[in-house]
Amino acid sequence: MDIQHLSAESSALKNTLGQAEDSIENPFDYAIEKQMPNNAVQWLAHDPVGTNSISAASSVQFELQRYGYLRGCVFECDFSVAALAAESGTNGYQTVKNVKNVFPRLIDEIEFHSSSRRLARLSGKDYYALLKNSANDSRVMLATNMLCGGDADFSDASTATTGKFRIPLLFSFFENVATSVDSSFVEPLRITVKFGDLIVGAQTAKKGTPITTSVLGRSSATLTNPKLHCEYRTLSREMTDMTVESNYSQPLTQYSYDFVDENPKDFLGSSSSSQTVRVPLTDNSCVTDIYVYLEKPVETMVTVGTDATVNKDIAERGIPLPLIESVKLVCSGQTICEMSPEVMDLFAYKASSGGNYYGGEMKLSSSTSTYNTSHTENVMRIPLALVNEHATANTGSLALRELGNPEIVIVCKATSAADDTVKHRANVILRAQRLISTDPSSGRMVVSVQS
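Quick note, in this note's numbering, the sequence shown goes up one by one and the last residue is 506.
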């Protein structure tokens, strides 16, 4: 007999564990542990209802097919920044733009409706929270598509920048097969994409020429040809009837989550010392995660300086900045946590069956690459649930409804001298639990409980 087996037979620990015979499984015993019924798949591209024109602060709507289970959606459109007409003489214009981090500037909000009722929403800022939740392999894919839309900072006056803008709609319904929406049973589904101001940079004088207010203007993106790509899954007729009978023999209540953006808090940068910013939590939801990040708002930009100064300023607009020194969560006078983002990132995001991962940043490429990072190392996530499996299980949350004066207290690092008195913004995003009910007689879906 192998010496390892002889040694194991003499081990008190192994013999004690072996007494739990019901828990012993032979991994070499082959068996198909789980099978799913045969299902068919079809991907359909939807055009917007009515006009497909996109302008600043406008919206487009897509009506979805009543066809099987909706498993995912991807929004796509053409993206361009037009060339600028040259000034008379030799001093041609040039566009200084940041097409790498355009997503939070292009998309204001995406809404998921059943009939006229909103069931879920995602803002451009919420995607930073979704990126923070993702493991690094998923984060790289998402960041590459969402935040790295361009391959150059500068475009000559004679050259336009064009490309495709694509974004997956990461609603909680799509995380778990069991929460897929049966589009053929419920009331008609609609997705609305609302756009922001479409500002992606600034127009300046020729590269190397000092910028003056007379030649500085904002550069906006043009979006055209919007489409919504959807994945639908169908079962056989017999299995469909069985599933409808199982799910809708009585009102169906499903566990879900949504994101809530608290009112941001603006403050002025200071290079002399750190400062404290307080953001009250006004929502009364049951919260599984809280996300905090600091930014410089897009609507304020450097107006005078060199090309390099303005280009750097534009590049930092609307993205999480490395300015958080620490974050404190206080509720009813009790400090639940107080630590730096770097320490919090080292608490692994727990999973009930293993597979823990961490919240830090993996660079997409070197610092000299034209691709930027997803900046999630500058987003602090406070995980309040026991494990990171929000689409499949209720593992706990913080009920804000009965807490006294809950707030986030942020200690901000001193800014650079160039950012003295420049407006900064503290953003707080909540991931909130929801219960969504479906009426079996009409297919009417509503958010039934949210606090």
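Using N, Cα and C, we set each Cβ at its ideal position, and we do this for glycine too. Quantities reported herein were computed from a predicted structural model and do not represent experimental measurements.
Exposure of residue i, with buried meaning 16 or more beta-carbon neighbours within 10 Å
i	result
V236	buried
H479	buried
I491	buried
H430	buried
M294	exposed
S421	No answer about S421 holds up, because its pLDDT of 39 lies below 50 and its placement is not dependable.
P92	exposed
I465	buried
I437	buried
R172	exposed
K180	buried
M435	buried
V359	Residue confidence for V359 is low, a pLDDT of 48 falling below 50, so the modelled location carries little weight and cannot support an answer.
V401	As written in the sequence, residue 401 is Leu, which differs from the Val given in the question. Exposed, because fewer than 16 other Cβ atoms sit within 10 Å of the Cβ of L401.
D474	buried
I266	With a pLDDT of only 46 at I266, under the threshold of 50, the placement of this residue in the model should not be trusted; the figure read from the coordinates follows. Buried.
E393	exposed
K187	buried
N482	buried
V398	exposed
E300	exposed
I109	buried
E88	exposed
K219	exposed
F83	exposed
Where residue i falls: helix, strand or coil (DSSP)
i	result
P396	helix
I79	coil
K89	coil
K69	helix
S227	helix
Y122	coil
S301	helix
T295	helix
I109	coil
T217	strand
S503	strand
R489	strand
E432	helix
L177	strand
S64	Looking at the sequence shown, residue 64 is not Ser but Glu. In the structure shown, E64 sits in a helix (DSSP, three-state: H, G or I).
T247	strand
K383	strand
V232	helix
A473	helix
R172	strand
N339	coil
I5	Outside the shown range of the chain (56 to 506) lies residue 5, about which nothing can therefore be said.
A448	coil
K468	coil
N188	helix
R456	coil
Close-in-space but distant-in-sequence residues of the same chain around residue i (CB under 6 Å, 5 per side omitted)
i	result
V115	P103, V248 and P281
L307	T493
D10	Absent from the structure is residue 10, since the part of the chain shown begins at 56 and ends at 506.
R17	Outside the shown range of the chain (56 to 506) lies residue 17, about which nothing can therefore be said.
T234	F228 and Q309
S178	E164 and D316
A184	Y346 and I484
P396	I379 and M435
I162	G179
E131	R221 and K282
L507	Residue 507 falls outside the range modelled here, since the chain spans only 56 to 506, and no answer is possible.
Close Cβ partners of residue i (< 7 Å) along its chain, the five nearest in sequence each way excluded
i	result
S189	L197
V241	S169, T493, G498 and M500
L72	none
S325	A469, T470 and D475
R489	S311, Y312, D313, V502 and Q505
S496	none
E462	R333, V334, P335, L336 and V385
E286	V96, W98, R126 and G127
Cβ neighbours of residue i in the same chain (closer than 8 Å, five flanking residues each side left out)
i	result
T390	K383 and L384
A63	K69
(request) Taking 8 Å as the threshold, find out whether the stretch 322 to 332 comes into contact with the stretch 166 to 174 through three or more Cβ pairs. (result) no
(message) Under 8 Å, with one C-beta from each stretch per pair, do the stretch 447 to 459 and the stretch 337 to 350 reach the 3-pair mark?
(response) yes
(request) Count the CB pairs spanning the stretch 312 to 321 and the stretch 107 to 125 that are closer than 8 Å, and state whether there are at least three. (result) no
(request) Please determine if the stretch 467 to 474 and the stretch 371 to 381 are in contact, where contact requires at least 3 C-beta pairs separated by less than 8 Å. (result) yes
(message) Check whether the stretch 86 to 103 and the stretch 214 to 228 are in contact - that is, three or more C-beta pairs closer than 8 Å.
(response) no
(message) Going residue by residue through the stretch 303 to 334, where are the continuous beta strand (DSSP E) segments of at least 3 residues, counting only ones entirely within it?
(response) 307 to 316 and 320 to 323
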